[in-house]
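Student: Chains as they are written, first to last, in my numbering: chain L, 281 to 532; chain R, 1103 to 1359.
Glycine included, each C-beta is placed from N, C-alpha and C at the ideal position.
The model shown is predicted, which means the values in this text are computed figures rather than measured ones.
Before I ask anything, here is the structure I am working with.
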Amino acid sequence: MIRINNFIIPLFSLIIFCLLWELLVWYNNWPNYKMASPSDLWPAFWKFKHLFLIYGWETFWRTVVGLILSVLVGLSLGILMGFSKTIRIGLYPILVGFNAIPKATVVPVIALIFVGMHNMNTIIIVILISFFPICVSISIGLSTLEREYEDILLSLGANKFEIFYKIALPKTLPEFFGALKVSTTLAFIGTNLMEIIEPHGRGLGHLFDSGKINADYPLMFAVLITLAVMGIFLYYIVVYLENIFAGWAIRK
Amino acid sequence: MHINIEKVSHQYETKQGMLPVLKDLSLSIKRKGFTAIVGPSGCGKSTITRLVSGLIKPTQGSIFISNKKITSPLSTVGMAFQNPVLLEWRNVIKNIILPLEIVSKNMTYNQKRSNALDLLKLVGLEEFENNLPSELSGGMKQRVSLCRSLVHSPEVLILDEPFAALDAFTKEDLWDVMHKLKKERDFTCILITHDLREAVYLADQVIVLSGRPASLQYDVKTNFNEEKKISDLYSSEVSQLLATLRNQIEIAQNKND
């Protein structure tokens, strides 16, 4: 019953959302260059289904690879900052400053450094935009570990690595997954930023851009909806992993 | 294992400068003894637990366990705190075997589990072996924490106010659990507490520390009965003892002013 509800309820809310959207466009009598309605999207999607498949995959794998790498970067920096106060004090201003820079301005810089290496460019932007939440949550999780947790192992003569592996890391997992959910949605922003600003003829961002050039508004909306669906899909994969690795922290 | 604390002074570095917490503290705890340490709050009782377990080194003086000077943590020590600090992602049995994963790396899982189960039976929680800590009450968590502190058969058990956060009846239940554990497993025990009844009921020696910086103020034996029962706490003999201890605490607090 709970399983069915988990599926039915979100589906139901999605249908209501689309109906309200359709109603809004119909009531205001908006032409589709002002705001496309859900009923315009399917034809646009079907017309370019081949491109959606190719470009959708392009965008998807770049996002996933970028996300995996940002987990690695975020984890390693977070671990270093969690354990060493010196590294924490030293790195925080740089990381915060870096994160405050609008990533759209970094795109041309990266594109110039690695001319023509589209995949790598895109993945670098994804890493730059996604690692920060992971890094911060891990470093806070590790640096705020209560003294007693360390004491139970330290008093037995355990080393730093054992404390990290047996206590600190598992204890930080719920925070890590919280941050990963934020990073997952950020990652799509990163991929599309690169694909839209530096069009290199690939990815959903490029499809969006060509919709803009051709004034094909339903196509632009269809791209956005596809991105939303992909985002939801990745998000639930993270939720699934969270249930496996940090299920103990979720209230039933 | 008898414990000797010899002329120990300790101070912490704080923003306001050095803060002395212990001053020339000397006391001895006999082998297989049960010693309760009471004193005004903030007088440095928890510092003693960290010193005896080897987590920190005293600024001056030395601590000996069986005539061996402590310089680093010993695997023959077990600790339990007011906060049960159970690992939320491990079930009860896996929480209890944690110390064995550090000190007895060669032991098989089944051996570890049977060691843990023996203790779990003693505290009356054998049917909760596979439950997660979040499914247990405060008193049950503290029982699990006690099992964990004893699973590697330590020769010294250090309890830092383990019953302080429990309600009165749960507390009395756990006192009896503690009696049972002490009878079944032979260890030397140091109990830090604010509860004088608890000190008198559990320990055979009660030590009152003076206000900060703490030194030994009062040392008394409490062997009023071979097998202590809760009702003994209402006898005139114990009432008198409690009144004396209460008075000693007040003297210690005045010194603090």
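I want to know whether the region 1254-1263 of chain R touches the region 1183-1190 of chain R - three or more CB-CB distances under 8 Å.
Tutor: The region 1254-1263 of chain R is in contact with the region 1183-1190 of chain R.
Student: What residues of chain L sit near residue 1166 (chain R), judged by a beta carbon separation below 8 Å?
Tutor: In the second sequence, the residue the question calls residue 1166 (chain R) occupies position 64. Chain L residues near residue 1166 (chain R): none, gap ~17 Å exceeds 8 Å.
Student: Select from the region 1142-1166 of chain R all residues with a C-beta closer than 8 Å to any C-beta belonging to chain L, and list them in chain order.
Tutor: The region 1142-1166 of chain R vs chain L, Cβ under 8 Å: 1152, 1155, 1156, 1157.
Student: Compile a chain-ordered list of the residues in the region 1193-1206 of chain R whose CB is closer than 8 Å to at least one CB of chain L.
Tutor: Under the 8 Å Cβ criterion, the region 1193-1206 of chain R contributes 1200, 1201, 1203, 1204, 1205.
Student: Within 7 Å (strictly less), CB to CB, does residue 522 (chain L) reach chain R?
Tutor: Here residue 522 (chain L) corresponds to residue number 242 of the first sequence, with the count starting at 1. It does not; no Cβ of chain R falls within 7 Å.
Student: For residue 1254 (chain R), count neighbouring Cβ atoms within 10 angstroms of its own Cβ and tell me buried if that reaches 16, exposed if not.
Tutor: Counting from 1 along the second sequence, the entry for residue 1254 (chain R) is found at position 152. Its Cβ being crowded by 16 or more others within 10 Å, residue 1254 (chain R) is buried.
Student: Report the residue from R:1331, R:1310, R:1315 whose alpha carbon sits nearest the alpha carbon of residue 1321 (chain R).
Tutor: As a position in the second sequence, residue 1321 (chain R) is number 219, starting the count at 1. The shortest Cα separation from residue 1321 (chain R) among R:1331, R:1310, R:1315 belongs to R:1310.
Student: Could you run through the region 413-438 of chain L and flag, in chain order, every residue whose CB is less than 8 Å away from some CB of chain R?
Tutor: Those would be 426, 428, 429, 431, 432, 433, 434, 435, 436, 437, 438, in chain order.
Student: Tell me whether the region 345-358 of chain L and the region 407-417 of chain L touch, counting them as touching only if at least three CB pairs, one residue from each stretch, are closer than 8 Å.
Tutor: Yes, they touch.
Student: Which residues in the same chain as residue 423 (chain L) place their Cβ atom closer than 6 Å to its Cβ, once the five residues preceding and following it in sequence are excluded?
Tutor: As a first step, residue 423 (chain L) is located in the first sequence; it is residue number 143 there, counting from the start. 362, listed in sequence order.
Student: Can you pull the chain R residues whose beta carbon is under 9 Å from the beta carbon of residue 455 (chain L), in chain order?
Tutor: On the first sequence, position 175 is the one that residue 455 (chain L) refers to. Neighbours of residue 455 (chain L) on chain R: none; closest Cβ ~13 Å, over 9 Å.
Student: Give me the chain L residues within the contact set of residue 1179 (chain R), using Cβ-Cβ distance strictly less than 8 Å, ordered along the chain.
Tutor: By one-based count along the second sequence, residue 1179 (chain R) stands at place 77. Going along chain L in sequence order, the residues near residue 1179 (chain R) (Cβ under 8 Å) are 435, 436.
Student: Note down the Cα distance separating residue 1146 (chain R) from residue 1307 (chain R), rounded to an integer number of angstroms.
Tutor: Here the question's residue 1146 (chain R) lines up with position 44 in the second sequence. Here the question's residue 1307 (chain R) lines up with position 205 in the second sequence. Going by the C-alpha atoms only, they are around 19 Å apart.
Student: Going along chain R in order, which residues have a C-beta closer than 8 Å to the C-beta of residue 381 (chain L)?
Tutor: For the purposes of this step, residue 381 (chain L) is taken as residue 101 along the first sequence, with counting starting at 1. Residues of chain R passing the Cβ test: none, with the nearest at roughly 36 Å.
Student: Enumerate, from N- to C-terminal direction, the unbroken alpha helix (DSSP H) stretches of 4 or more residues contained entirely within the region 469-518 of chain L.
Tutor: DSSP runs (the alpha helix (DSSP H)) wholly in the region 469-518 of chain L: 483-493.
Student: Is there a Cβ of chain L sitting closer than 7 Å to that of residue 1230 (chain R), yes or no?
Tutor: For the purposes of this step, residue 1230 (chain R) is taken as residue 128 along the second sequence, with counting starting at 1. No, its Cβ sits nowhere closer than 7 Å to a Cβ of chain L.
Student: What are the boundary residues of the alpha helix (DSSP H) that residue 361 (chain L) is part of?
Tutor: For the purposes of this step, residue 361 (chain L) is taken as the residue at position 81 of the first sequence. Per DSSP, residue 361 (chain L) belongs to the alpha helix (DSSP H) from 329-363.
Student: Let's test the definition: count the other Cβ atoms within 10 Å of the Cβ of residue 357 (chain L) and tell me whether it reaches 16, buried, or not, exposed.
Tutor: As a working note, residue 357 (chain L) is residue 77 in the first sequence. Counting Cβ neighbours within 10 Å, residue 357 (chain L) comes out buried, since at least 16 surround it.
Student: Tell me, which residues are paired with residue 1122 (chain R) by DSSP?
Tutor: Position 20 of the second sequence, counted from the start, is the residue given in the question as residue 1122 (chain R). R:1113, per the DSSP bridge assignment.
Student: Can you list, in chain order, the residues of its chain with a C-beta nearer than 8 Å to that of residue 1268 (chain R)? Leave out the 5 residues immediately preceding and following it.
Tutor: Position 166 of the second sequence, counted from the first residue, corresponds to residue 1268 (chain R). These residues qualify, in order along the chain: 1240, 1241, 1244, 1276.
Student: When we look at the beta-carbon of residue 439 (chain L) and count the other beta-carbons within 10 Å, is it buried (16 or more) or exposed?
Tutor: Within the first sequence, numbered from 1, the residue matching residue 439 (chain L) stands at position 159. So residue 439 (chain L) counts as exposed.
Student: Along the chain, where does the beta strand (DSSP E) containing residue 1293 (chain R) start, and where does it finish?
Tutor: Indexing the second sequence from 1 puts residue 1293 (chain R) at position 191. Segment 1290-1294, the beta strand (DSSP E) holding residue 1293 (chain R).
Student: Check this for me: beta carbons of residue 1195 (chain R) and residue 1237 (chain R), under 7 Å apart or not?
Tutor: Looking up residue 1195 (chain R) in the second sequence gives position 93. Looking up residue 1237 (chain R) in the second sequence gives position 135. No, these two residues do not count as a Cβ contact at 7 Å.
Student: Return the first residue and the last residue of the alpha helix (DSSP H) that residue 1137 (chain R) is part of.
Tutor: Position 35 of the second sequence holds residue 1137 (chain R). Note, residue 1137 (chain R): premise wrong, no alpha helix (DSSP H); beta strand (DSSP E) at 1136-1140.
Student: Going by beta carbon distance, what residues of the same chain come within less than 6 Å of residue 429 (chain L), once the five residues before and after it are set aside?
Tutor: Here residue 429 (chain L) refers to the residue found at position 149 when the first sequence is read from its first residue. So the qualifying residues of the chain are 447.
Student: Going by CA-CA distance only, name the one from R:1281, R:1287, R:1289 that's closest to residue 1300 (chain R).
Tutor: As a position in the second sequence, residue 1300 (chain R) is number 198, starting the count at 1. Of the listed residues, the one whose Cα sits closest to residue 1300 (chain R) is R:1281.
Student: Using a C-beta to C-beta distance shorter than 8 Å, which residues of chain R count as neighbours of residue 447 (chain L)?
Tutor: Within the first sequence, residue 447 (chain L) is the residue found at index 167, counting from 1. Those within 8 Å of residue 447 (chain L) in chain R are 1189.
Student: Scan the region 502-532 of chain L for residues whose Cβ lies nearer than 8 Å to a Cβ of chain R and list them as they occur along the chain.
Tutor: If the cut-off is 8 Å between Cβ atoms, the region 502-532 of chain L has 526, 528, 529 near chain R.
Student: Establish whether the CB of residue 1265 (chain R) and some CB of chain L are separated by less than 7 Å.
Tutor: Here residue 1265 (chain R) is taken as the residue at index 163 of the second sequence, counted from 1. No, because no Cβ of chain L sits closer than 7 Å to the Cβ of residue 1265 (chain R).
Student: Would you verify that the beta carbon of residue 1252 (chain R) is, or is not, closer than 7 Å to some beta carbon of chain L?
Tutor: One-based indexing of the second sequence puts residue 1252 (chain R) at position 150. Answer no: the Cβ-Cβ gap between residue 1252 (chain R) and chain L never drops below 7 Å.
Student: When the distance is taken between beta carbons, is residue 499 (chain L) closer than 7 Å to residue 491 (chain L)?
Tutor: Walking along the first sequence from the start, residue 491 (chain L) turns up at place 211. Walking along the first sequence from the start, residue 499 (chain L) turns up at place 219. Yes; because the gap between Cβ atoms is below 7 Å, this pair is in contact.
Student: Looking at the C-beta of residue 1185 (chain R), does it have a partner C-beta in chain L at a distance below 7 Å?
Tutor: Here residue 1185 (chain R) refers to the residue found at position 83 of the second sequence. Residue 1185 (chain R) counts as touching chain L.
Student: Would you verify that the beta carbon of residue 311 (chain L) is, or is not, closer than 7 Å to some beta carbon of chain R?
Tutor: Your numbering for residue 311 (chain L) matches position 31 in the first sequence. Residue 311 (chain L) does not count as touching chain R.
Student: Output the distance between the C-alpha atoms of residue 364 (chain L) and residue 1314 (chain R), rounded to the nearest integer angstrom.
Tutor: Position 84 of the first sequence, counting from 1, holds the residue named residue 364 (chain L). Position 212 of the second sequence, counting from 1, holds the residue named residue 1314 (chain R). Approximately 32 Å, taken between the alpha carbons.
Student: Against chain L, with Cβ distances strictly below 7 Å, would residue 1234 (chain R) count as a contact?
Tutor: Position 132 of the second sequence holds residue 1234 (chain R). So yes, residue 1234 (chain R) belongs to the interface.
Student: Taking only the alpha-carbon atoms, compute the straight-line gap between residue 1319 (chain R) and residue 1256 (chain R) and give it to the nearest angstrom.
Tutor: Here residue 1319 (chain R) refers to the residue found at position 217 of the second sequence. Here residue 1256 (chain R) refers to the residue found at position 154 of the second sequence. Between residue 1319 (chain R) and residue 1256 (chain R), the C-alpha separation is close to 29 Å.
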